[in-house]
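This report concerns only the one structure given below.
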Ligand code: GLN
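Numbering (my numbering), first residue to last: 1 to 204.
This is how it looks when you write it as structure tokens:
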């Protein structure tokens, strides 16, 4: 079962996309709900609010612990910020769950281009390029050598910027695949969760 962090953000869209991709999906608002899931999606929304609510609802440390134990997590947009070890242009008291060794800049694409759309070649996603919708999106400014870069913007003022990464069981995109009806990024994550479960069963 895959949970969607549901204290803030576009929760419903991710639940629908996961279900359309064939997974059981449930919203997660409490530690007991987190304990019941095998993977977690952190949606788009507002990372400063997510950070505050995660503390208030006692999910910050439990999510950090599950990440450290290897639970697969996928973060989109604000969710990418929540998975970053380092956040630029955040609020002073903003905390992330961390997990991916990368520097992410909030609202990086600038005010003139609050939102834009482009096609991306996405490593690990077969077929047509992925049509990506960016809304006040972060980009990845720096990654450690443990982080795989899966997609970069090609062309325009943000040419070459990193917008999708993976480190172990953690996946993050600057954009919102839950808004386009293209299920391939959710498919990839559902497979990551299944693979992690298979490995766990093999160890038991
Ligand atoms: N700008 C938002 C933040 O900093 C992210 C925007 C989004 O998730 N669409 O959290």
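Cβ atoms here follow ideal geometry from the backbone N, Cα and C, with glycine treated the same way.
Relative to ligand 1, residue 95 has its C-beta separated by 7 Å or more from all heavy atoms. With 16 or more other CB atoms across the displayed protein chains lying within 10 angstroms of its CB, residue 71 is buried. Taking the Cβ of residue 137 as the reference point, at least one heavy atom of ligand 1 falls within a distance shorter than 7 Å. Residue 1 counts as exposed, since fewer than 16 other beta carbons sit within 10 angstroms of its beta carbon. Residue 23: not part of any beta strand (DSSP E); DSSP gives it neither H nor E.
Counting only the Cα atoms, residue 45 lies some 11 Å from residue 51. Separation of residue 201 and residue 130 (C-alpha to C-alpha, rounded to the nearest whole angstrom) is 33 Å.
Counting along the chain, the unbroken alpha helix (DSSP H) around residue 202 starts and ends at 184-203.
Under DSSP, residue 27 shares a beta bridge with 4. Residue 173 is classed as buried because its beta carbon has at least 16 other beta carbons within 10 Å across all chains shown.
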